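Participant: The sequence shown runs 265 to 629 under this note's numbering.
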Amino acid sequence: MGRHHGRPAARHFGRPDLEYRAAVGSAAVLDRSHRGRLAVSGRAPVRMLGGVITASVPPPPEPTSSGLLAGRTAYSAVLIPKGRMVTDLVVAWRGTREDRHGLWLHLPAAGHAPLVAHLRKFLPPRFAFVDDVTGATATLTVVGPAGAGLLETALGIVPDALSALEEDGCLLTGPVPDGLLVARSGEVRLPAFDILGARAPLERLAREVVRLGAAPTGMGVFETLRIEAGRPEFGLDMDERTIPTEAGIDERAIDHGKGCYTGQEVIVRIRDRGHVNRHLRGLLLGNAATPGRETPLYTGARAKPVGHITSAAMSPAFGQTIALGFVRREVNPPAELRLGAPDGAPVAVRVVGEGGWELQPGDLN
Numbered sequence: 265m266g267r268h269h270g271r272p273a274a275r276h277f278g279r280p281d282l283e284y285r286a287a288v289g290s291a292a293v294l295d296r297s298h299r300g301r302l303a304v305s306g307r308a309p310v311r312m313l314g315g316v317i318t319a320s321v322p323p324p325p326e327p328t329s330s331g332l333l334a335g336r337t338a339y340s341a342v343l344i345p346k347g348r349m350v351t352d353l354v355v356a357w358r359g360t361r362e363d364r365h366g367l368w369l370h371l372p373a374a375g376h377a378p379l380v381a382h383l384r385k386f387l388p389p390r391f392a393f394v395d396d397v398t399g400a401t402a403t404l405t406v407v408g409p410a411g412a413g414l415l416e417t418a419l420g421i422v423p424d425a426l427s428a429l430e431e432d433g434c435l436l437t438g439p440v441p442d443g444l445l446v447a448r449s450g451e452v453r454l455p456a457f458d459i460l461g462a463r464a465p466l467e468r469l470a471r472e473v474v475r476l477g478a479a480p481t482g483m484g485v486f487e488t489l490r491i492e493a494g495r496p497e498f499g500l501d502m503d504e505r506t507i508p509t510e511a512g513i514d515e516r517a518i519d520h521g522k523g524c525y526t527g528q529e530v531i532v533r534i535r536d537r538g539h540v541n542r543h544l545r546g547l548l549l550g551n552a553a554t555p556g557r558e559t560p561l562y563t564g565a566r567a568k569p570v571g572h573i574t575s576a577a578m579s580p581a582f583g584q585t586i587a588l589g590f591v592r593r594e595v596n597p598p599a600e601l602r603l604g605a606p607d608g609a610p611v612a613v614r615v616v617g618e619g620g621w622e623l624q625p626g627d628l629n
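(1) Which residues does DSSP list as the beta-bridge partners of L343?
(2) Checking 8 Å against the spacing of the C-beta atoms, do V616 and L548 come in under that value?
(3) If you reduce the DSSP assignment to three classes, tell me which class I534 lands in.
(4) According to DSSP, is V310 part of a helix, a strand, or is it coil?
(5) Count the other C-beta atoms from every protein chain shown that fall within 10 angstroms of the C-beta of S329, then say buried if there are 16 or more, exposed otherwise.
(6) Pair every Cβ in the stretch 325-345 with every Cβ in the stretch 397-415, then say whether three or more of these pairs are closer than 8 Å.
(7) Among the residues of its own chain, which have a CB less than 6 Å from the CB of T559, if the five just before and after it don't count?
(8) According to DSSP, what are the bridge partners of D458?
(9) If you compare alpha carbons, which of T585, R311, G538 is closest to G556?
(10) Go ahead and label F279 buried or exposed: buried means 16 or more other beta carbons lie within 10 angstroms of its beta carbon, across all protein chains shown.
(11) When burial is assigned at 16 or more other CB atoms within 10 Å of the CB, is F386 buried or exposed?
(12) How far does the beta strand (DSSP E) with V591 in it extend, from its first residue to its last?
(13) To which residues of the same chain is R227 closer than 7 Å at the C-beta, ignoring the five residues directly before and after it?
(14) Using the C-alpha atoms, what's the distance from R384 back to R390?
(15) Around the C-beta of E283, are 16 or more other C-beta atoms found within 10 angstroms, so that it is buried, or is it exposed?
(16) With W368 and A356 assumed to form a contact (beta carbons below 8 Å), what rounded beta-carbon distance in angstroms separates them?
(17) Mark G521 as exposed unless 16 or more other C-beta atoms lie within 10 angstroms of its C-beta, in which case mark it buried.
(18) Output the residue ranges of the alpha helix (DSSP H) runs that lie fully inside the stretch 475-516 and measure 4 residues or longer, sorted by chain position.
(19) Pull up the distance between the alpha-carbon of R448 and that of G564, whole angstroms please.
(20) Assuming A410 and M312 are in contact, meaning their beta carbons sit under 8 Å apart, how far apart are those beta carbons, in whole angstroms?
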């Protein structure tokens, strides 16, 4: 596994078509240790963190009859007062409340440094402090329909313990530092699990799942699967200028019934009385070559662009090039735009939401 946090995993291992086929048909494993991992602990980490994140902190995990701890994760965002994002992240417990190990924060590499600075500024150290454990820990991701079974075997846990988890479910195999967090991921359209923990046990786990049949896979395949699921990535599809409503992550990331958090006033005002000027959309590009980020989108009638690409991939599932991108709100899907120039290749604009792409008849080639 990679030793330097901040450095992405390999793009692929020589045959991305075979890696994709393994992920879709069986199981694939990839090192995502470039992502950030923070531990928040102290006298009142839940209360302090609750004033910073847009979701509610999940309840502590409970012991199961098989000796594991079962709980939930929470997908959330951290905002500045103007409602723009510091990052998105996943919150999970590192043990029981009584263990006093506190909480995991698992987040994109692009949000790592900004979030550390933000939390160290706004969390009072008398009640909660942040430990950046990225360098001492790792993230392993297993994707595919056979992934749960392989992980159950490799970890020595009871059958179906992982396959029964919902998207935000998780299991802890033991207390830190040796125990691992196994969390069901919603980043891709296939069953997927993020495993967080110390580097040594995760390196052993990676070797074992490969021995059991999982294919080593790079980030290129994972990105294709993510775009096929219509899920935005911070640092690509979202950044420090993005309001969560624009990216369509409100339903997953925001608990409108919780207490106050930074940026709440802006989010509530948009929800109740306003609108945003752009939306993240799914884009079908047909046989066009995979465009780069920031490639402009045009209506064909206006000289000024009405949107731009944020991430793109050639999709085997869709049978064509697909992308995510921001489009002005007056472009109402289903619609057609032009790629790169007013007379460029046609682009079909579709809504992407919690259930993925809202496709029209004939969209899949």
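By construction, the Cβ of each residue, glycine as well, lies at the ideal position given by its N, Cα and C atoms.
Since the structure is predicted, the reported quantities are computational estimates derived from the model, not experimental observations.
Facilitator: Quick answer:
(1) M349
(2) no
(3) helix
(4) helix
(5) exposed
(6) no
(7) I573, G604
(8) T405, A447
(9) T585
(10) Checking the sequence, you will find Arg at residue 279 rather than Phe. Exposed, since its Cβ has fewer than 16 Cβ neighbours within 10 Å.
(11) exposed
(12) 584-592
(13) Any question about residue 227 goes unanswered here, given that the chain covers just 265 to 629.
(14) 12 Å
(15) buried
(16) 5 Å
(17) exposed
(18) 483-493, 508-511
(19) 42 Å
(20) Going by Cβ atoms, the distance from A410 to M312 rounds to 40 Å, so no, they are not a contact pair.
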